Amino acid sequence: MSTNYPTTKQTIPNPTSTDLLENATAELDHDYQHTTVNDTIGALQDKVGMDGSAVTTSHDYKLSGVTGGDKAVSKTGTETLTNKTLTSPQINFGSDAIGDLAYRNSGSATARLPIGTEAQIMAVSSGVPAWVANPSATTASTTTAGIVELATTAETTTGTDTTRAVTPDGLHDMTSLAGAAWFLDENDMSSDSPTKVPSQQSVKAYVDALRTFTSGTASKDASDASTTQNIAHGLGKIPKKVKLTAISTASGPSSEGLMRQAITVYNGTTQSSVSLLNNGSTAYSAAASTNFDLNSTSTASTSSRGVVTFDSTNIIITWTKTGSPTGTYQMLWEAES
């Protein structure tokens with residue numbers, strides 16, 4: 096009979112002094128005992144292996160890396176491993192969670208730092224890493240949150256501030272901005288180009304200095320057909336408001352010159368106007384409306400009526416003639432940005 100080892104343990108009963116060589120019990124028969132013992136010893140040698148065994152299932156092959164005074168590593172014992180490469184290891188500290196970090200603690204052991212909460216930052220506390228509340232995070236824009244160091248009063252006054260700011264374009268040195276205020280020029284909002292107020296100058300004083308004003312004269316014959324009149328204002332940008340004053344005269348009693356006047360102001364949204372008329376009698380007529388009315392009678396049914404707009408080049412007056420107005424009006428125009 097061959098041995099069951101190493102698949103299972105081979106049982107070999109020991110004979111007594113009274114057992115015969117030719118025993119009726121097969122396990123105690125003399126040739127059975129020798130055959131089973133010999134086969135088991137051979138299988139044991141194969142399992143343990145000879146020195147330098149190349150048989151990958153033998154113990155000698157599997158333990159060939161344990162040399163000199165080394166011994167195999169135990170599961171729960173304390174051993175020191177040197178020059179070992181671990182591929183995709185999993186180290187469990189207990190209560191492990193996604194996002195945990197490992198660090199060396201004060202006892203020189205690897206310890207677990209649990210994941211922090213939303214918006215916390217990593218800091219050092221008592222010599223080890225820790226999650227703490229961000230003390231200075233602010234929302235820098237609708238898309239980016241960050242930390243900006245603001246200049247102190249002394250730095251702002253002396254211009255020695257070394258402020259740095261982080262934007263989507265990178266890290267910027269803000270030193271040259273010390274003591275300055277910035278604002279966007281509404282005439283160039285598309286480029287988001289800020290205008291700098293010089294250091295130590297108030298915003299109001301600087302804005303006042305930036306204001307531009309132009310003026311000039313033009314004329315309008317009230318009897319002309321409906322038309323569009325352009326007056327170049329010379330600002331080089333869209334005005335904040337324009338004002339036009341028109342004056343004409345009419346013959347009155349005893350050949351006196353009687354005044355006809357109209358004033359209109361347009362701020363880019365609303366046009367507001369007033370007009371004054373002496374129709375040659377002793378009665379005067381005054382009216383307020385949204386239109387720039389150049390009247391030659393006491394009613395608006397005989398007038399040259401102007402609607403004012405503007406662009407970066409011109410004051411634009413769209414005239415509509417009603418009835419048969421007369422008179423040449425001299426106009427004083429003003430434009431301000």
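Read in order, the letters of the sequence shown correspond to residues 96 to 432 in this note's numbering.
Here a beta-carbon is modelled for each residue, glycine too, at the ideal position from N, C-alpha and C.
Predicted model, so just to flag it, every value in this text is computed and none were measured.
- One thing to note: Thr417 has its Cβ no nearer than 8 Å to the Cβ of Thr323.
- Separation of the CB atoms of His129 and Lys142 is rounded to 20 Å, and the pair is thereby denied contact status at 8 Å.
- The beta carbon of Pro224 lies closer than 8 Å to those of Leu196, Tyr198, Leu208, Met217, Ala218 in the same chain, with the five residues before and after it left out.
- Selection Asn390, Gly147, Gly172, Pro108 evaluated against Val161 yields Gly147 as nearest (Cα-Cα).
- Boundaries of the alpha helix (DSSP H) around Val143: 125-143.
- A direct Cα-Cα distance of roughly 15 Å separates Thr182 from Leu176.
- For Tyr100, no alpha helix (DSSP H) encloses it, and the DSSP letter there is neither H nor E.
- For Asp155, the enclosing alpha helix (DSSP H) covers residues 154-157.
- The beta carbon of Ala327 is closer than 7 Å to those of Thr408, Asn409 in its chain, skipping five residues each way along the sequence.
- Where Ile412 is concerned, the enclosing beta strand (DSSP E) starts and stops at 409-417.
- By the neighbour-count definition (other C-beta atoms within 10 Å, threshold 16), Ala317 is a buried residue.
- For Gly160, no beta strand (DSSP E) run applies, since DSSP gives it neither H nor E.
- When rounded, the separation of the alpha-carbon atoms in Ser419 and Ile333 is 34 Å.
- Per DSSP, Ala214 lies in no beta strand (DSSP E) segment and is marked neither H nor E.
- Taking the Cα of Leu330 as reference, the smallest distance to any Cα among Leu139, Thr98, Trp428, Pro230 is reached at Trp428.
- Counting of Cβ neighbours within 10 angstroms places Phe405 among the buried residues, the total reaching 16 or more.
- Assignment of Ile358 by DSSP, reduced to helix, strand and coil, places it in the strand class.
- At the C-beta level, Phe387 and Ala357 come within 8 Å of one another.
- The secondary-structure analysis by DSSP pairs Glu431 across a beta bridge with Phe308, Lys336.
- By DSSP's assignment, Thr177 forms no beta bridge with any residue.
- As the crow flies, the alpha-carbon of Leu372 is around 5 Å from that of Arg355.
- Note that the C-beta distance between Thr340 and Met426 is below 8 Å.
- For Asp191, there is no enclosing beta strand (DSSP E), since its DSSP letter is neither H nor E.
- Contact check for Gly222 and Ser201: beta-carbon distance about 7 Å, within the 8 Å limit, so the pair qualifies.
- For Leu115, the three-state secondary structure derived from DSSP is coil.
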